[in-house]
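Residue numbers (our numbering): 1 to 229. I have placed the structure first, in the form of structure tokens, so that the comments after it can refer back to it.
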Ligand code: T5A
């Protein structure tokens, strides 16, 4: 596994991210995973991007309203990254330093997929932003919640309810969301040491069980083996 949030050090905290298209179930599963980690004796917090701190939530409002969209995908990538700096500095890094696991709904792979692959940004810009912003705080494990775009968009629309307006990214057409799904799957293939693809079409409990198996085999059991004399 690449440089990650202190997996081999003294901190028992893990940095776990959930990624995937709109309505894939990331928020639902973040909450369930934090509960399961707590039940197994690991203190954990759920957080999200963009957001997680007051300043980053202000960026979220601007980004999801579409106010930054006219400036183009480079400006959006920079704004998501600025929000990420505050989120890392004020919430993620301090929690990990205290041995608290962090479960984050979206992180660097969303920038890679939305602004990088679909925004057609130069991969060198995305890589440079990650290097400057994320540094050593690479996730220990990324769970890619995969499902057909139509299902995810229907879930997101049902949750939003009648009359509420879709945000700047949900408003994109189906081809955009299909491309997004491919981009996430490509990331998972390229970075298979960090990523596990989870079939998110199943009921929430079944998805949660698949996630727990991935967390157990990729993180919890591995650490036990690493610490054996
Ligand atoms: N973005 C973000 C970028 O472009 N670049 C970046 O760098 C970052 C960080 C964030 C937007 O910003 C973009 C990507 C996004 O477009 P958001 O509101 O956080 O916006 O959007 P999402 O992350 O897509 O969040 P959603 O809330 O829409 O979807 P979730 O969290 O994946 O799904 P969830 O859990 O809220 O579930 C949606 C509905 O489905 C039901 C739930 O009860 C809920 O009603 N549900 C299920 N139904 C059936 N079966 C299951 N297994 C279900 N799981 C959940």
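Ideal Cβ positions, reconstructed from N, Cα and C, are used throughout, including at glycine.
Own chain residues within Cβ distance below 6 Å of residue i, not counting five before or after
{"i": "residue 218", "result": "141"}
CB of residue i within 9 Å of CB of residue j, strictly
{"i": "residue 44", "j": "residue 34", "result": "yes"}
{"i": "residue 164", "j": "residue 116", "result": "no"}
{"i": "residue 185", "j": "residue 144", "result": "yes"}
{"i": "residue 193", "j": "residue 101", "result": "no"}
{"i": "residue 56", "j": "residue 86", "result": "yes"}
{"i": "residue 19", "j": "residue 149", "result": "no"}
{"i": "residue 187", "j": "residue 113", "result": "yes"}
{"i": "residue 88", "j": "residue 134", "result": "yes"}
{"i": "residue 32", "j": "residue 156", "result": "no"}
{"i": "residue 223", "j": "residue 210", "result": "no"}
{"i": "residue 120", "j": "residue 73", "result": "yes"}
{"i": "residue 17", "j": "residue 204", "result": "no"}
{"i": "residue 40", "j": "residue 220", "result": "yes"}
{"i": "residue 212", "j": "residue 36", "result": "yes"}
Span separating the alpha-carbon of residue i from that of residue j
{"i": "residue 190", "j": "residue 108", "result": "14 Å"}
{"i": "residue 52", "j": "residue 99", "result": "18 Å"}
{"i": "residue 42", "j": "residue 70", "result": "43 Å"}
{"i": "residue 95", "j": "residue 215", "result": "19 Å"}
{"i": "residue 136", "j": "residue 206", "result": "32 Å"}
{"i": "residue 47", "j": "residue 60", "result": "13 Å"}
{"i": "residue 139", "j": "residue 161", "result": "33 Å"}
{"i": "residue 178", "j": "residue 146", "result": "11 Å"}
{"i": "residue 92", "j": "residue 103", "result": "9 Å"}
{"i": "residue 131", "j": "residue 199", "result": "30 Å"}
{"i": "residue 97", "j": "residue 90", "result": "11 Å"}
{"i": "residue 26", "j": "residue 15", "result": "15 Å"}
{"i": "residue 182", "j": "residue 176", "result": "10 Å"}
{"i": "residue 171", "j": "residue 58", "result": "21 Å"}
Contacts around residue i, its chain only, beta-carbon distance under 8 Å, and the 5 residues preceding and following it disregarded
{"i": "residue 65", "result": "167, 168"}
{"i": "residue 68", "result": "62, 75, 76, 79"}
{"i": "residue 196", "result": "141, 142, 143, 144, 188, 214, 218"}
{"i": "residue 129", "result": "77, 78, 81, 111"}
Status (buried if at least 16 other CB within 10 Å, exposed otherwise) for residue i
{"i": "residue 122", "result": "exposed"}
{"i": "residue 154", "result": "exposed"}
{"i": "residue 50", "result": "buried"}
{"i": "residue 21", "result": "buried"}
{"i": "residue 159", "result": "exposed"}
{"i": "residue 9", "result": "In this predicted model, residue 9 has a pLDDT of only 47, less than 50, meaning its place in the structure is not dependable enough to derive any value."}
{"i": "residue 152", "result": "buried"}
{"i": "residue 30", "result": "buried"}
{"i": "residue 124", "result": "exposed"}
{"i": "residue 38", "result": "exposed"}
{"i": "residue 3", "result": "Confidence at residue 3 is low in this model, with a pLDDT of 36, below 50, so the placement of that residue is unreliable and no value is reported for it."}
CB contact below 9 Å: residue i versus chain C
{"i": "residue 216", "result": "This model lacks chain C altogether, as it is built from one protein chain only."}
| task | Entirely within the stretch 138-188 and at least 3 residues each: give me those beta strand (DSSP E) ranges in chain order. | result | Uninterrupted beta strand (DSSP E) stretches at least 3 residues long and entirely within the stretch 138-188 occur at 141-146, given in chain order.
| Whole beta strand (DSSP E) elements within the stretch 71-152, 3-residue minimum | Secondary structure remark: continuous beta strand (DSSP E) runs of at least 3 residues inside the stretch 71-152, in chain order: 101-105, 141-146.
| said: Just to confirm the assignment: which complete beta strand (DSSP E) runs, minimum length 3, are found wholly within the stretch 23-72? | reply: If we require 3 residues or more, the beta strand (DSSP E) runs fully inside the stretch 23-72 come out as 44-48.
| query | Where are the alpha helix (DSSP H) runs, 4 residues long or more, that stay fully inside the stretch 196-226, in chain order? | reply | Entirely contained in the stretch 196-226, the alpha helix (DSSP H) runs reaching 4 residues are, in chain order, 204-215.
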